[in-house]
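For reference, the structure is listed below as structure tokens.
Numbering (this note's numbering), first residue to last: 387 to 511.
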């Protein structure tokens, strides 16, 4: 169910030494909160085999749905970023100017620079 309005991103994190339990707890909490969001199409957290690296794939119907997610999970931001270091955030789809700015501001606060990628070729079934 992809449309030209979808916004999605892949974030890559390294879990800080000694923060594994806190990371797992906050990840569980934020995933539970996101589960009720109708406009959130994918919210998938994956761990590397050694448990040190986490990839998060998030996909939203549109920028409005992403705003709902950010508002819904704002209470977890400090907790989650206290447990990890951001390796990268790649943004895809069609985020509006407000979402682009929100991601840029979040990156400045937590020491990462999101990379924005525009659709070029291909398809989604």
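We put the beta carbon where it would ideally sit given N, CA and C, even for glycine. A quick note: this is a predicted structure, and the numbers were derived from the prediction, not measured.
Going by C-alpha to C-alpha distance, which of the options sits closest to residue i?
i	options	result
residue 472	458, 406, 400	400
residue 477	391, 468, 397	397
residue 421	493, 437, 436, 451	451
residue 409	431, 507, 509	431
residue 496	464, 449, 511	464
residue 509	412, 479, 453, 485	479
Mapping DSSP to helix, strand and coil, what is residue i?
i	result
residue 416	helix
residue 458	helix
residue 409	helix
residue 434	coil
residue 479	strand
Give me whichever residues DSSP pairs with residue i in a beta bridge.
i	result
residue 401	470
residue 428	445
Would you mind giving the Cβ-Cβ distance between residue i and residue j, rounded to the nearest angstrom? I have them listed as a contact below 8 Å.
i	j	result
residue 423	residue 458	6 Å
residue 462	residue 393	No, residue 462 and residue 393 are not in contact; Cβ-Cβ is about 19 Å, not under 8 Å.
residue 474	residue 446	Contact flag wrong, Cβ pair sits at about 19 Å.
Would you call the stretch 458-469 and the stretch 498-511 touching, i.e. three or more CB-CB distances under 8 Å? no
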